[in-house]
Amino acid sequence: MTSGVPQGNVLDPHLFLSYVNDIWRNIESKIRFFADDCIICRKILNIKDVEKLQTDLERVGDWAEGNEIKINQNKSNAISYTTAGLKDPLNYSLGDQKVPEASSCKYLEIIIRNDLIWADQVNYTVQKAWRALHFVMRIVKKGNKNTKSLAHTSLVRPILVYGAAYWDP
Numbered sequence: 249m250t251s252g253v254p255q256g257n258v259l260d261p262h263l264f265l266s267y268v269n270d271i272w273r274n275i276e277s278k279i280r281f282f283a284d285d286c287i288i289c290r291k292i293l294n295i296k297d298v299e300k301l302q303t304d305l306e307r308v309g310d311w312a313e314g315n316e317i318k319i320n321q322n323k324s325n326a327i328s329y330t331t332a333g334l335k336d337p338l339n340y341s342l343g344d345q346k347v348p349e350a351s352s353c354k355y356l357e358i359i360i361r362n363d364l365i366w367a368d369q370v371n372y373t374v375q376k377a378w379r380a381l382h383f384v385m386r387i388v389k390k391g392n393k394n395t396k397s398l399a400h401t402s403l404v405r406p407i408l409v410y411g412a413a414y415w416d417p
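Numbering-wise, the sequence shown is residues 249 to 417 according to this note's numbering.
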């Protein structure tokens with residue numbers, strides 16, 4: 249969910265968290281914020297959990313309407329994570345619009361697939377690290393060993409280790 253204040257006003261992402269500090273009060277599902285984005289998640293074990301998540305989405309929609317916040321439907325997706333081969337289609341709605349089902353999503357620069365396989369994340373990380381490495385190689389072509397090492401440690405290595413505790417088995 250991404251928000252925006254009506255009438256073209258811009259809300260500073262730092263103020264966003266204080267602006268939405270009461271959204272969690274009526275929500276039973278887990279809700280996480282980062283900058284001006286929000287994720288609502290719930291472990292689904294039975295139909296009651298599906299109904300509770302839909303109720304929470306309705307509450308978020310009502311809260312947004314009451315606080316005059318527009319939810320960016322283009323950034324709203326439903327995704328189910330499972331290692332089971334079979335799963336039911338997701339039929340969630342936010343307001344009067346159906347939330348589209350996605351097979352993967354990017355959360356805080358980590359790509360999570362619905363089958364919990366990390367190939368997309370590994371490929372994304374490798375490509376991003378190669379771009380950074382080639383940039384470093386062009387910039388510090390004539391630098392000494394210490395300069396090259398510092399540039400690698402500062403610009404390439406953080407890309408490789410970012411989120412590794414999460415996605416690296």
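Ideal placement from N, C-alpha and C gives every residue a C-beta, glycine not left out.
Remember, it's a predicted structure, so these values are computed and weren't measured experimentally.
Helix, strand or coil for Ser341, going by three-state DSSP, please let me know. Sequence index remark: in the sequence shown, residue 341 carries index 93 (1-based). It is a strand residue.
Which stretch, first to last residue, makes up the alpha helix (DSSP H) that contains Lys393? Taking the first residue of the sequence shown as 1, we reach residue 393 at position 145. Segment Lys393 to Ala399, the alpha helix (DSSP H) holding Lys393.
Neighbour-count burial assignment, Ala380, 16 or more Cβ in a 10 Å radius: Translated into the one-based positions of the sequence shown, residue 380 becomes position 132. It counts as buried.
Per DSSP, the bridge partner or partners of Asp310: Locating residue 310 in the sequence shown gives position 62, counting from the first residue. The partner list for Asp310 (beta bridge, DSSP) is empty, contrary to what the question assumes.
Give me whichever residues DSSP pairs with Ile231 in a beta bridge. The displayed coordinates of the chain run from 249 to 417. Any statement about residue 231 would go beyond what the structure contains.
May I ask you to report which of helix, strand or coil DSSP gives Glu316? Position 68 of the sequence shown, counting from 1, holds the residue named residue 316. Glu316: coil per DSSP, three-state reduction.
Pick helix, strand or coil for Ser352, following the three-state DSSP scheme. Here residue 352 refers to the residue found at position 104 of the sequence shown. The answer is strand: DSSP assigns Ser352 an E or B state.
Please report how far the alpha carbon of Glu299 lies from the alpha carbon of Arg361, in whole angstroms. For this step, residue 299 is matched to residue 51 along the sequence shown. For this step, residue 361 is matched to residue 113 along the sequence shown. If you take the alpha carbons of Glu299 and Arg361, they lie about 23 Å apart.
Through-space distance from Gly411 to Val347, alpha-carbon basis: The residue you call residue 347 lines up with position 99 of the sequence shown. The residue you call residue 411 lines up with position 163 of the sequence shown. Each residue's Cα considered, the two are about 27 Å apart.
Can you tell me the Cα-Cα spacing of His382 and Asp363, whole angstroms? Within the sequence shown, numbered from 1, the residue matching residue 382 stands at position 134. Within the sequence shown, numbered from 1, the residue matching residue 363 stands at position 115. Cα-Cα distance, rounded: 32 Å.
DSSP state of Tyr414 mapped onto helix, strand, coil: The residue given as residue 414 occupies position 166 in the sequence shown. It is helical.
Grouping DSSP H, G and I as helix and E and B as strand, with all else coil, what is Lys389? Mapped onto the sequence shown, residue 389 falls at position 141. Three-state DSSP puts Lys389 in coil, outside helix and strand.
Pair within 9 Å by beta-carbon distance, Val384 and Ala367: One-based indexing of the sequence shown puts residue 384 at position 136. One-based indexing of the sequence shown puts residue 367 at position 119. Not in contact: Val384 and Ala367 (Cβ atoms no closer than 9 Å).
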